[in-house]
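Following: one structure in structure tokens, then a few remarks.
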Amino acid sequence: MTPDAFLDISKQTLTFLLPEILLIVAASAIITGGAFLRWPRRTWAALSAVALLLAIGVLCLLPKLTPEPYAAVVANDALSAYARLGLLLAGLVLVAFAHNQVDDHRAPEFFGSLLLIHAGALCVVSANDLIFLFVGLELVSMPTYLLLYLPRRTTTTQEAVTKYFYLSLFSSAFLLFGLAYLYGLGGISNLKALAYLVHWNNAALQLPQPTFATIALVFIMAGLAFRVAAVPFHFYAPDVYQGSSSLIAAMLSWLPKAIGFIAMLRVLAAVFAWEPVAAEVSNLSFVSNKAVLLTAVLAVVTMTLGNTVALAQDNLRRLLAYSSIAHAGYLLVGLAAAFRNGPGGLESVLGADAILFYLGSYALMTLGAFGVLIALDSPSRPVEKIEDLAGLGRTHPWAAFALILCLFSLAGVPPLLGFWGKLRLFQSALEAARGDDATLFRILTIIGVLNAAIGAYYYLRIIVVMIFREPVETLTPRTGWPTILATGACASLSLVLGLLSEPLTYASRQSAQSIIQLPAPGAALEPTAAVVPTPMPTLAQSGS
Amino acid sequence: MSTLLVITVFLPLLGAIVLFSAPGLDQRTARQLALMTVLGTLILSTILCLGFDPARSGPQFAAATDPAAADLNPATAEYGWRWINTGTGSGIRFALGLDGIGLVLFALTSLLMVPSVFASWESITDRPAMHYALMLLLQTGLLGLFASLDAILFYIFFEFTLIPLFFLIGIYGGPERRRASVTFFLYTLAGSLLTLVGVISLVILHHQKSAQHILTFSIPELTAGLRALPWSEWSAQATTAWTSPQALIFLLLFAGFAIKVPLFPFHTWLPLAHVEAPTAGSILLAGVLLKVGGYGFLRFNLGMTPHGAAYFMPLLAALSVIGIIYGALTALAQTDVKRLVAYSSVSHMGFITLGLFTLKQLGLEGATIQMINHGLTTGALFACIGVLYERYHTREMGQLGGLWARLPLLAFFLILASLGSAAVPGLNGFVGEFPILLAQFARDPFYAVIACIGMVLGAYYLLLLLRRVLFGPVHEPGGHDHGDSHDHAAHDAHHHDHADHHKVRPLGWHEIASLAPLMVLIVAIGVYPRPIFERIGPPLREIAAGFQVADLGPAVADNANPSKPSTPTIDADAALTAVRVPTTPAQDFRR
Numbered sequence: 005m006t007p008d009a010f011l012d013i014s015k016q017t018l019t020f021l022l023p024e025i026l027l028i029v030a031a032s033a034i035i036t037g038g039a040f041l042r043w044p045r046r047t048w049a050a051l052s053a054v055a056l057l058l059a060i061g062v063l064c065l066l067p068k069l070t071p072e073p074y075a076a077v078v079a080n081d082a083l084s085a086y087a088r089l090g091l092l093l094a095g096l097v098l099v100a101f102a103h104n105q106v107d108d109h110r111a112p113e114f115f116g117s118l119l120l121i122h123a124g125a126l127c128v129v130s131a132n133d134l135i136f137l138f139v140g141l142e143l144v145s146m147p148t149y150l151l152l153y154l155p156r157r158t159t160t161t162q163e164a165v166t167k168y169f170y171l172s173l174f175s176s177a178f179l180l181f182g183l184a185y186l187y188g189l190g191g192i193s194n195l196k197a198l199a200y201l202v203h204w205n206n207a208a209l210q211l212p213q214p215t216f217a218t219i220a221l222v223f224i225m226a227g228l229a230f231r232v233a234a235v236p237f238h239f240y241a242p243d244v245y246q247g248s249s250s251l252i253a254a255m256l257s258w259l260p261k262a263i264g265f266i267a268m269l270r271v272l273a274a275v276f277a278w279e280p281v282a283a284e285v286s287n288l289s290f291v292s293n294k295a296v297l298l299t300a301v302l303a304v305v306t307m308t309l310g311n312t313v314a315l316a317q318d319n320l321r322r323l324l325a326y327s328s329i330a331h332a333g334y335l336l337v338g339l340a341a342a343f344r345n346g347p348g349g350l351e352s353v354l355g356a357d358a359i360l361f362y363l364g365s366y367a368l369m370t371l372g373a374f375g376v377l378i379a380l381d382s383p384s385r386p387v388e389k390i391e392d393l394a395g396l397g398r399t400h401p402w403a404a405f406a407l408i409l410c411l412f413s414l415a416g417v418p419p420l421l422g423f424w425g426k427l428r429l430f431q432s433a434l435e436a437a438r439g440d441d442a443t444l445f446r447i448l449t450i451i452g453v454l455n456a457a458i459g460a461y462y463y464l465r466i467i468v469v470m471i472f473r474e475p476v477e478t479l480t481p482r483t484g485w486p487t488i489l490a491t492g493a494c495a496s497l498s499l500v501l502g503l504l505s506e507p508l509t510y511a512s513r514q515s516a517q518s519i520i521q522l523p524a525p526g527a528a529l530e531p532t533a534a535v536v537p538t539p540m541p542t543l544a545q546s547g548s
Numbered sequence: 003m004s005t006l007l008v009i010t011v012f013l014p015l016l017g018a019i020v021l022f023s024a025p026g027l028d029q030r031t032a033r034q035l036a037l038m039t040v041l042g043t044l045i046l047s048t049i050l051c052l053g054f055d056p057a058r059s060g061p062q063f064a065a066a067t068d069p070a071a072a073d074l075n076p077a078t079a080e081y082g083w084r085w086i087n088t089g090t091g092s093g094i095r096f097a098l099g100l101d102g103i104g105l106v107l108f109a110l111t112s113l114l115m116v117p118s119v120f121a122s123w124e125s126i127t128d129r130p131a132m133h134y135a136l137m138l139l140l141q142t143g144l145l146g147l148f149a150s151l152d153a154i155l156f157y158i159f160f161e162f163t164l165i166p167l168f169f170l171i172g173i174y175g176g177p178e179r180r181r182a183s184v185t186f187f188l189y190t191l192a193g194s195l196l197t198l199v200g201v202i203s204l205v206i207l208h209h210q211k212s213a214q215h216i217l218t219f220s221i222p223e224l225t226a227g228l229r230a231l232p233w234s235e236w237s238a239q240a241t242t243a244w245t246s247p248q249a250l251i252f253l254l255l256f257a258g259f260a261i262k263v264p265l266f267p268f269h270t271w272l273p274l275a276h277v278e279a280p281t282a283g284s285i286l287l288a289g290v291l292l293k294v295g296g297y298g299f300l301r302f303n304l305g306m307t308p309h310g311a312a313y314f315m316p317l318l319a320a321l322s323v324i325g326i327i328y329g330a331l332t333a334l335a336q337t338d339v340k341r342l343v344a345y346s347s348v349s350h351m352g353f354i355t356l357g358l359f360t361l362k363q364l365g366l367e368g369a370t371i372q373m374i375n376h377g378l379t380t381g382a383l384f385a386c387i388g389v390l391y392e393r394y395h396t397r398e399m400g401q402l403g404g405l406w407a408r409l410p411l412l413a414f415f416l417i418l419a420s421l422g423s424a425a426v427p428g429l430n431g432f433v434g435e436f437p438i439l440l441a442q443f444a445r446d447p448f449y450a451v452i453a454c455i456g457m458v459l460g461a462y463y464l465l466l467l468l469r470r471v472l473f474g475p476v477h478e479p480g481g482h483d484h485g486d487s488h489d490h491a492a493h494d495a496h497h498h499d500h501a502d503h504h505k506v507r508p509l510g511w512h513e514i515a516s517l518a519p520l521m522v523l524i525v526a527i528g529v530y531p532r533p534i535f536e537r538i539g540p541p542l543r544e545i546a547a548g549f550q551v552a553d554l555g556p557a558v559a560d561n562a563n564p565s566k567p568s569t570p571t572i573d574a575d576a577a578l579t580a581v582r583v584p585t586t587p588a589q590d591f592r593r
């Protein structure tokens, strides 16, 4: 690599990372300023909102950047653009929820940590390099510990936080171990280059060490399964959700899941995706089959456990924790399909497409549901159990309406957004049902829909209590307009985007295709370019 | 006309939104607003019915992108507007259109809304605006469902109908309403999610295996395209018929529709939901929502997976017959009038599925018209029971008797509806059940004979109901003036007080207005069913053709082999066809 090219890549990368840099600067300023200034929490919330808005502005105004995909640490593709936008918007929602929820004297630390978490999340979704990805994930983890420790109200909270802390460290170690093996496969940490090597070698040299690849796969899955709260790394979720506030639960149910799945797509699905063509057996198909099997098993166990255990819950946050585990299971169905979506496929809905669409819809519905709980909660009359919502339809019809929209959307009832998410997930799985493991995908889909039916029960239970029961004790919400605005936006978008889902469909399809695409290597990447003089043949051709 | 169809479907939605946005509306305004919306929709549907051309096959009033091409080949045309881009193909489309089957059910929905509104006229006093809004929402769902030309759009309307009915039962229902609404919702949802998998499988199969790799969600195009696929080859490759793709997809599709119908072992949600639902909910549930299952069988199970249907036919006919007998016997054992009618629905829907799974055009026609008939008669029966309940606050047959003397007009309505339901010749039930039995007799006399026993039982429990409630000495619950305790009333009522003098409110204008049109139709269809047969004939002929084109194995071979001498099929079919619709001789001989 020439120094000129290197300089160019560095410049482009730094420009590309401006939103992240801006967030980190703002976070540092807020945390530092908090030590000297005694401002009310509203001010800190407003400052964070301004920082997020500025980051959105910078993101939209970024010039057209083309950092060399086979060398740069970031990928400027559709996924990074849409995912960063989505994360920043969801960040605004979280800030709106938080504006009157944290204590005044802890507000700067809280909002600073929240911004840092978002900066880390932005890094993860645009990462094109193993190390950068890991740094991004850690940038999410560290402030999360702080965020969880900040209220430290009771011993149960502390226990929950400690659980989270140790499991998180544990999972990071797993992840790092797996990433090291992945690096060992090709001696390169750039993800696009890795995918290129794996797919190219599929035809000519074979994937050198399928065993190494399998080890990498298993450990990376284990590390990221913690983030998305998939079985068997889900144990922390119910305790942490119940032990902390609704606000933290809202953040934890959305953000780690989003970055966890996008990281899985970038690191695993894009690298080991294999299009089942004409009974071709190769090392790649071996690894890909293992990946499908592993993901399918995880998906079945995760959604079944999440849904069945949620049936027995009375605590709202605990119920939503199990619901979030169940949704991780649905998303894993899409991931299994994504391992079958190699370049040159015929699918109309890619697994990655379905996952990204579902993440978008999940953000709206889960944040909306938590938003209603946050809005109704007050120290004198906390909203903890399902029974606390009795008669909400009569006392607070609009809050009930918003919660009904979000819950029906979570249950996947048309015409709400959640239905389209499930439709796309199951469609992608059925489209991947070709070749030897077609039956596996079919069974996976059927178990998935049956789980959706089971899941509908506990959402329905909340609605039944809200609408069909008489109020016991009136709630005394102390809500500010930002919370109402954010919750209303989430709930109404669940409906509106359900009727007009084209924008989300477009964004997720573009993003999914951008992950799979392997552009012809440029001149900057001499070693590969020397080995591969011609453009890469698609798998469909190489298989014949 | 295509715009008119869209307006008709969404007019109730507009009414619902208006009512929702004014939750504090008083009873009078709310019900008048609802009535106006319902009548407006009925008028628009009537215009659509009049504008329908029975001679044309294929969907009508559909906004085809290229009308000339749509006339030429209605199956592969592109209808409506693109809703969601699917990457390739014409996408998931917002496509509405009606063929004969859709039209009659569409009209039935518009019609039955009127008695539903009138049934709630006096009885709904708590949150009336919400009640009517939910009813109108349900109507939009049902109208859209019968008019959908897109599989996903169909499914959305199909599932969407659950939400308003869930709230209708849950908020306005009887004492067990919470359990009833949740059971209804979950049961139906579980089945329909499996149906969704079946629908997607069909779409994907068509996408992957059709010659041009067309990704389409259009129901006519899918039906035609799937028929062209080499199913026989795939079935031959499968180790058993069970594993042939159509059999599996048939079962997935079947799950949702069988629960909706409900077919015998899947019926457990129905009596509970019926008994707990408010009268309007019962009328719509029995009148229209159960038909959704039959409609789905026709469109998807029979239209798109004929091989699967042929394979499972014996099993399904057996289940239908069990349902007929079981429903009838259980109805006999009931003391609650509403519960009796609910179980009679299980029995009658058994007839409908029996007709569908004869896989003959005659049976399909009988089943389709029987859907209309069952909607009218059961809707009328539930409306009558609603009238009774409003006056006596009980539905126990033990506490009612001799009401002929008190409410002669109601007695007339109840008798006519019961006779129609019991398939007395000259009334509508006969027109539906006779072809079903005829077709089934040609297919398998054994099931036809058992189904006939079901008919006798049907007459028995309905007459029993009439005898206990209408005839004999007057026998009323202790009266609404002293207390609401029914137990007391039951004991007091042992001395048949002929001199009972407390007044029972006679039928109001709204009750007469809700029942009279149904009575007219019960007689009219019984005497002159031809307009309906003419309209449902062409689309059903296409569905039935699916069974003839394909080699369906020995079970249905006689369908494609009319020269078999031993069965009376030909004679019966031809004779009835000649009586019913004076078709051209060529059409008759083609059978």
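Chains as they are written, first to last, in this note's numbering: chain A, 5 to 548; chain B, 3 to 593.
From the three backbone atoms N, C-alpha and C, an ideal C-beta is built for every residue, glycine too.
Is the Cβ of residue 301 of chain B closer than 9 Å to any Cβ of chain A? Interface criterion not met: the Cβ of residue 301 of chain B is under 9 Å from no Cβ in chain A.
Would DSSP call residue 521 of chain A helix, strand or coil? DSSP places residue 521 of chain A in coil when its eight states are reduced to three.
Chain-order list of residues whose beta-carbon lies under 7 Å from that of residue 342 of chain B (same chain, five-residue window excluded): Excluding sequence neighbours, residue 342 of chain B sits near 333, 336, 463 and 467.
Excluding five sequence neighbours on each side, which residues of the same chain lie with their C-beta closer than 6 Å to the C-beta of residue 220 of chain A? The beta carbon of residue 220 of chain A is closer than 6 Å to those of 182, 185 and 186 in its chain, skipping five residues each way along the sequence.
Among the residues of its own chain, which have a CB less than 7 Å from the CB of residue 127 of chain A, if the five just before and after it don't count? Result list for residue 127 of chain A: 24, 136, 139, 140 and 143, in chain order.
Rounded C-alpha distance that separates residue 10 of chain B from residue 64 of chain B: Taking the straight line from one Cα to the other gives about 13 Å.
Indicate whether at least one CB of chain A lies closer than 9 Å to the CB of residue 179 of chain B. Output row for residue 179 of chain B: interface = yes.
Under 9 Å between beta-carbons, which chain A residues line up against residue 203 of chain B? List them in chain order, please. Within chain A, the residues near residue 203 of chain B are 434, 437, 446 and 449.
What residue from B:370, B:96 and B:516 has the CA that sits closest to residue 389 of chain B's CA? In this structure, B:516 is the residue among B:370, B:96 and B:516 with its C-alpha nearest to the C-alpha of residue 389 of chain B.
Taking the alpha-carbon positions, what's the residue 270 of chain A to residue 330 of chain A distance? Rounded to the nearest angstrom, the two C-alpha atoms are 22 Å apart.
Short CB-CB distance (under 9 Å) between residue 443 of chain B and chain A: It does not; no Cβ of chain A falls within 9 Å.
Let me know if residue 70 of chain B comes out buried or exposed under the rule of 16 or more other beta-carbons within 10 Å of its beta-carbon. Exposed, because fewer than 16 other Cβ atoms sit within 10 Å of the Cβ of residue 70 of chain B.
Would you tell me roughly how many angstroms separate the C-alpha atoms of residue 370 of chain B and residue 537 of chain B, rounded to the nearest one? Within the model, the alpha-carbon separation for residue 370 of chain B versus residue 537 of chain B is close to 11 Å.
Any chance you could list the beta strand (DSSP E) runs of at least 3 consecutive residues sitting entirely within the segment 13-83 of chain A, in chain order? Those beta strand (DSSP E) runs which fall completely within the segment 13-83 of chain A and span 3+ residues do not exist here.
Are residue 155 of chain A and residue 523 of chain A touching if we call contact CB-CB under 9 Å? Between residue 155 of chain A and residue 523 of chain A, the C-beta gap is not smaller than 9 Å, which leaves the two residues out of contact.
Just checking: is the beta-carbon of residue 350 of chain A within a distance shorter than 9 Å of some beta-carbon in chain B? Among the CB atoms of chain B, one or more fall inside 9 Å of the CB of residue 350 of chain A.
DSSP-derived helix/strand/coil call for residue 6 of chain B: Correct three-state label for residue 6 of chain B: helix.
Please list, in chain order, the chain A residues whose beta carbon lies closer than 7 Å to that of residue 161 of chain B. By Cβ distance, chain A contributes 417 and 418.
In DSSP terms, what residue 83 of chain B is bridged to: Residue 83 of chain B is bridged to B:96.
Neighbouring residues, chain B, relative to residue 176 of chain A (Cβ below 7 Å): None at all; the shortest Cβ gap to chain B is about 37 Å.
Quick check on residue 73 of chain B: does DSSP put it in helix, strand or coil? In the structure shown, residue 73 of chain B sits in a helix (DSSP, three-state: H, G or I).
Distance between residue 53 of chain A and residue 421 of chain A (C-alpha atoms, nearest Å): Each residue's Cα considered, the two are about 26 Å apart.
Residue 424 of chain A at chain B interface by Cβ criterion, 9 Å: Flagged as an interface residue toward chain B: residue 424 of chain A, by a C-beta distance shorter than 9 Å.
Pair every Cβ in the segment 320-328 of chain B with every Cβ in the segment 394-411 of chain B, then say whether three or more of these pairs are closer than 8 Å. Because the criterion of three Cβ pairs below 8 Å is not met, the segment 320-328 of chain B and the segment 394-411 of chain B do not touch.
How long is the line joining the alpha carbons of residue 460 of chain A and residue 305 of chain B, rounded to whole angstroms? A straight line joining the alpha-carbon of residue 460 of chain A with that of residue 305 of chain B spans about 30 Å.
Mind checking the segment 450-478 of chain A against chain B and listing, in chain order, the residues whose C-beta falls within less than 9 Å of any C-beta there? The segment 450-478 of chain A vs chain B, Cβ under 9 Å: 450, 452, 453, 454, 456, 457, 458, 460, 461, 464, 465, 467, 468, 471, 472 and 473.
On the CB-based measure, 16 or more other CB atoms within 10 Å of its CB, does residue 40 of chain A come out buried or exposed? Flag for residue 40 of chain A reads exposed.
Is the segment 406-414 of chain A touching the segment 462-472 of chain A in the sense that three or more CB pairs, one from each, lie closer than 8 Å? Judged by Cβ distances under 8 Å, the segment 462-472 of chain A makes contact with the segment 406-414 of chain A, as three or more pairs qualify.
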